[in-house]
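So the structure is just underneath, and the comments pick up after that.
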Amino acid sequence: MDAKVRQEIETAIQALDEALGGLINFTMTLRPTLRNEIMQICGHHLEKARQARDRLEALLQDPGS
């Protein structure tokens, strides 16, 4: 994997980390009932974003890169 691709993947991982962290921190400021409702609606999307982040991280860890 060339340096530019590696840098783009690292940037994407950082962006996903910050976005997911920001969303979680925001929901923690809400009333528990509202937080639960939002998590029920968005939980699937948050999980897919986390999985995408994990796949990108795995690309960086791949010894064949």
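So the number in the working numbering is just where the residue sits in the sequence shown, counting from 1, plus 40.
Glycine included, every Cβ here is placed at the ideal spot set by N, Cα and C.
In this text, all values refer to a predicted model and were calculated from it rather than measured experimentally.
Starting from the Cα of residue i, find the closest Cα among the options and give me that residue.
i: Gln80; options: Lys44, Gln91, Thr67; result: Thr67
i: Asp57; options: Lys88, Gln101, Asp102; result: Lys88
i: Cys82; options: Ile64, Pro72, Asp94, Arg71; result: Ile64
Given residue i, which residues of its chain have a CB within under 7 Å of its CB, disregarding the five upstream and five downstream residues?
i: Ile49; result: Leu96, Leu99, Leu100
i: Ala55; result: none
Practice prompt. Report the residue ranges of all alpha helix (DSSP H) runs contained in full by the stretch 46-101; include only those spanning at least 4 residues, in chain order.
Written response: 72-101
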